[in-house]
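Heads up: the structure comes next, in structure tokens.
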Amino acid sequence: MQIGWCSINTNFNNSDGVGDSSNSFAYDGYRVEKWNVEHSHFGERWTVGDVIGTLINFNTREILFWRNHEFMGVAFKNIDVGPNRAYFPAASLQQGQRVLFNFGLRPFNLRLNVSCLAVNESDCNINSYYNPGVRIMDFFRDFVIGLCHEQNANIPIDERLSVGCTLMENLMPVMEDPYFLEAQVLHFLSELVQ
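Residue numbers (UniProt numbering): 1 to 194.
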């Protein structure tokens, strides 16, 4: 499997896929290589369930890759950009392989250390709710963890429920944002399970 970018001029057939032509670029986590006509060592070996992220920086003319939130580096430099040049996400798969692309319909499962928006990524609610929502989520996390400590066992249940209700009242509006829900709430729930 090779994941990356291609242009409208990239030709595909049974033996040539993403990265096999000069106008396509790919990362192969099974072989741990990058491809652009020729191949060389790059990145880390991937496994089933990994989240691979890729970004084209048109300002610096670079293609970058991430694996499970970890930046693997700049794979390609000095890519062609400019008028009449467009790139499209692409993958070459063999029989039995599967991939799920996220073009912004769901929140991205990558924490990028770059300032950018993904294709079609909503920025309306995330900008207005994100910081207060994170603080409220932190208070809620501390509240739930505090319920489990013996030192809080003597606090009457109605007082504990009152605090919990107040936190939930403030948390509910931000939970309507799917980006906040996936980035904060689902992460919190997975922490609870562990």
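A virtual CB, placed ideally from N, CA and C, is assigned to each residue, including glycine. Bear in mind the structure is a predicted one, so any value in this text is a computation, not a measurement.
Check                                                                                                                     : Outcome
Limits of the unbroken beta strand (DSSP E) element including E62                                                         : 62–67
Simplified DSSP assignment, three categories, for S7                                                                      : strand
DSSP state of P89 mapped onto helix, strand, coil                                                                         : strand
Inter-stretch contact (C-beta, 8 Å, three-pair minimum) for the segment 11–30 and the segment 44–53                       : yes
Member of L167, I56, L161 whose CA lies at the smallest distance from the CA of D138                                      : L167
Contact check, W46 vs Q2, beta carbons under 8 Å                                                                          : no
Simplified DSSP state of L55, which is helix, strand or coil                                                              : strand
Host beta strand (DSSP E) of N84 (start-end)                                                                              : Per DSSP, N84 belongs to no beta strand (DSSP E) and is neither H nor E.
Exposure label - Q94; buried when at least 16 CB within 10 Å                                                              : exposed
S40 versus E176: straight-line alpha-carbon distance, rounded                                                             : 44 Å
Coarse secondary structure for Q94, derived from DSSP in three states                                                     : coil
Continuous beta strand (DSSP E) assignments of at least 3 residues falling wholly in the segment 16–51                    : 24–28, 33–36, 38–41
Chain-order list of residues whose beta-carbon lies under 6 Å from that of F12 (same chain, five-residue window excluded) : none
Per DSSP, cross-strand counterpart(s) of G73                                                                              : F65
Boundaries of the alpha helix (DSSP H) in which residue 195 is found, first to last residue                               : With the chain running from 1 to 194 in the structure shown, residue 195 is simply not present.
Closest residue to I145 among E182, L189, Y87 (Cα-Cα distance)                                                            : L189
Own chain, CB closer than 7 Å to A164, minus 5 neighbours either side, in chain order                                     : Correcting the residue identity first, residue 164 is Gly in this sequence and not Ala. Only F143 meet the Cβ criterion.
Best match in G96, F88, P156 for proximity to I8 [C-alpha to C-alpha]                                                     : F88
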